[in-house]
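Taking it in order: structure first as structure tokens, then the write-up.
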Amino acid sequence: MKKSTLLKLLCVVMVLTMVFTACGPKEEEKEKTQLTVAVTADFDSIDPHIMLASDTDRILFNVYEGLTGVDASGNIVPALAESWEWSADGMAVTFKLRKGVKFHDGQELVADDVVYSYERMSGKLADQSAVKATFVNGLEKIEKIDDYTVKMTLKVLNASWMGYMHVGIIKKDAGATIIDTPNGTGPYKLASYEPSVGCTL
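Each step along the sequence shown adds one to the number in my numbering, with nothing skipped, and position 70 is 790.
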């Protein structure tokens with residue numbers, strides 16, 4: 721075989737080798753499924769009705785949802801409530817709840833859970849640990865209209881009332897167990913928590 725022919729054949733083999741190598745299966749990149757976030761302080765409470773610290777709020781916001789949320793522009797938007805309507809005198813607001821929302825334990829969220837959460841925060845229950853002045857001073861009553869409708873009646877006119885509706889809703893009668901068994905409706909579940917170390921969602 722002539723030297724030039726052999727050289728051409730070697731070149732063809734090299735080119736084909738490079739082509740097939742480039743077209744071959746690439747080593748799969750490892751899928752990143754974990755995000756680690758540093759915060760400046762430990763939880764002040766894992767009860768959404770008791771916690772006050774902003775770092776805690778940033779974390780529990782992913783575990784518990786309120787009737788409303790806030791979008792990137794700062795506007796109040798629907799969350800657990802799909803809609804709401806104010807009375808003509810501005811003293812009552814009726815919320816329509818989204819159907820099919822589940823707590824992390826699989827139970828559906830209904831009006832009883834919302835009523836319980838706000839009665840707990842407004843001091844109307846024996847459990848006084850989660851009382852918030854905003855609701856004690858502002859909420860006259862909250863009542864269940866049906867399984868997916870609740871009505872709040874205010875003590876005084878409050879143009880800022882909707883700004884407080886982001887507080888997390890918990891299951892009815894869950895106040896006594898929420899520290900040991902967190903159970904929200906948010907996109908993440910609190911899987912573990914070790915004081916001064918961290919938590920896993």
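In this text, a Cβ means the ideal position worked out from N, Cα and C, and glycines have one as well.
Close beta carbons around residue i, own chain, < 7 Å, minus the five adjacent residues each side
i	result
residue 770	849 and 850
residue 764	771, 772, 773 and 776
residue 860	873, 874 and 875
residue 798	788
residue 819	868
residue 912	919 and 920
Whether residue i touches residue j by CB criterion (7 Å)
i	j	result
residue 835	residue 864	yes
residue 867	residue 831	yes
residue 706	residue 869	There is no way to answer for residue 706, as the model of the chain reaches only from 721 to 921.
residue 833	residue 892	yes
residue 787	residue 800	yes
residue 814	residue 805	yes
residue 844	residue 858	no
Beta-carbon proximity list for residue i, same chain, < 8 Å, skipping 5 on both sides
i	result
residue 782	906, 907, 908 and 921
residue 883	796
residue 847	840, 895 and 896
Where the beta strand (DSSP E) containing residue i begins and where it ends
i	result
residue 841	Counting along the chain, residue 841 falls outside any beta strand (DSSP E), though it belongs to the alpha helix (DSSP H) covering 831-841.
residue 813	812-817
residue 895	It is not in any beta strand (DSSP E) - residue 895 carries neither H nor E in the DSSP assignment.
residue 918	918-920
residue 828	Neither: residue 828 is in no beta strand (DSSP E) and is coded neither H nor E.
residue 794	That residue, residue 794, is in no beta strand (DSSP E); it is neither H nor E in DSSP.
residue 804	801-806
residue 785	Run containing residue 785: none; DSSP gives neither H nor E here.
residue 912	912-914
residue 870	869-874
residue 909	Looking at the DSSP string, residue 909 is not in any beta strand (DSSP E), and its letter there is neither H nor E.
residue 859	859-866
Local Cβ density within 10 Å of residue i, reported as buried at 16 or more and exposed below that
i	result
residue 756	exposed
residue 915	exposed
residue 899	exposed
residue 766	buried
residue 810	exposed
residue 714	Here the chain comprises residues numbered 721 to 921, so residue 714 is not present and cannot be evaluated.
residue 829	buried
residue 910	buried
residue 939	The structure shown has nothing for residue 939, since the chain only spans 721 to 921.
residue 852	buried
Endpoints, alpha helix (DSSP H) assigned at residue i
i	result
residue 777	774-780
residue 753	Counting along the chain, residue 753 falls outside any alpha helix (DSSP H), and DSSP gives it neither H nor E.
residue 820	First-last for residue 820: undefined, no H or E at that position.
residue 851	That residue, residue 851, is in no alpha helix (DSSP H); it is neither H nor E in DSSP.
Expected contact under 8 Å - CB spacing of residue i and residue j to nearest Å
i	j	result
residue 904	residue 785	7 Å
residue 855	residue 841	5 Å
Cβ-heavy atom distance, residue i to the ligand PLP, below 6 Å
i	result
residue 815	With respect to the ligand PLP, the structure shown offers nothing to examine, as it has no ligands at all.
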